[in-house]
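Numbering (the numbering used here), first residue to last: 204 to 412.
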C-alpha cells in the first residue's frame, strides 16, 4: 500500500476533524479496537469521505503522526528549547530535548493515554506512531553541534532517559507522585530535570569538575 502524508499546513477542516476523531478514539479504545465506523461517527462524516482522504487506518495513523496533533514536531520542540540551544554543551542540549518533550506532552493527555496503550498492545498501527517518535528524535539530534565522547553509548542513554520520562509522564495522569517526587507540580519535574542534567554531565564528561 502506498502511504500519502499531507503536510500539516495543507490540512483541511474536514481532514483535521477525521484526524482528531481517530486520535481521540485511539486514546479511549486502544489500537486493537480502533474502528473506522466509530471514527466517522465521532468526526461526523461518512466512510466514503474518510476513505476519500485516507486509504484506510494505516494511512490515517501515518498522517496523524506527522500532523503535529499526536506528537510534537521538531520545530515545536525547538521552540520550547532555550534560544541559545545550538551553543549549549551536548549534555545540556540532550537535557533540553527531554525538557521540551515533557512540556509539550503535558498539553497532549491523549498522547499519554496512547503511550499507555502501547505498553499493553503492540500492533502495526502502534508501530506507525512509534516510528514517528523515533524520526522526530533523530531530527532533533541533528541539531547537536558538538560530538559526544566515542566511548559513550548515547542511544542507550537516550533510550533510558526517554523511557523514564515517558513512563513518568503517563503516570502523572493518575498518580500525584512517584518515589516521593511530585508528578503534578512543576517543582517535582524541575527536581528531576536537574538530576537528569547532572547524570548527563557525569555520563558525557565524567572527569569534568
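We put the CB at the ideal spot given by N, CA and C, even for glycine.
Computed from a prediction, not measured in an experiment: that's the story for all the values here.
Of the residues the options, the one placed nearest residue i, counting alpha carbons only
i	options	result
residue 281	343, 387, 294 and 248	343
residue 320	383, 365 and 333	333
residue 275	249, 248 and 307	307
residue 261	244, 313, 279 and 229	229
residue 399	289, 312, 295 and 381	295
residue 397	364, 310, 271 and 375	364
residue 353	406, 401, 371 and 220	406
residue 248	216, 273, 277 and 271	216
residue 312	371, 358, 356 and 277	371
residue 366	315, 345, 239 and 256	315
residue 355	310, 336 and 404	404
residue 301	323, 336 and 271	336
Continuous alpha helix (DSSP H) stretch holding residue i: start and end
i	result
residue 392	389–407
residue 327	327–344
residue 318	312–323
residue 284	Taken as a continuous stretch (DSSP letters only), residue 284 belongs to no alpha helix (DSSP H), as it is neither H nor E.
residue 215	Note, residue 215: premise wrong, no alpha helix (DSSP H); not H, not E.
residue 276	Premise fails: residue 276 is in no alpha helix (DSSP H) and is neither H nor E.
residue 308	293–309
Residue i, buried or exposed, once every other Cβ within 10 Å from all chains shown has been counted against 16
i	result
residue 368	buried
residue 390	exposed
residue 293	buried
residue 387	exposed
residue 362	exposed
residue 375	buried
residue 284	buried
residue 395	buried
residue 413	In the structure as shown, the chain begins at 204 and stops at 412. Residue 413 is therefore absent and cannot be evaluated.
residue 341	exposed
residue 221	buried
residue 218	buried
residue 213	Its pLDDT being 46, under 50, residue 213 is placed unreliably by the model, and the measurement read from it follows with that caveat. So residue 213 ends up on the exposed side.
residue 373	buried
residue 310	exposed
residue 339	buried
residue 250	exposed
For the segment 322–332 against the segment 226–242, are there 3 or more C-beta pairs whose distance is under 8 Å?
-> yes
Are at least three pairs of beta-carbons, each pair with one atom in the segment 257–272 and one in the segment 216–229, less than 8 Å apart?
-> yes
Please go through the segment 349–379 and give each complete alpha helix (DSSP H) segment of 4 or more residues, from N-terminal end onward.
-> 357–374
For the segment 236–260, list the alpha helix (DSSP H) runs that are entirely contained and at least 4 residues long, ordered along the chain.
-> 239–246 and 250–256
Between the segment 238–250 and the segment 296–314, do at least 3 Cβ pairs fall closer than 8 Å?
-> no
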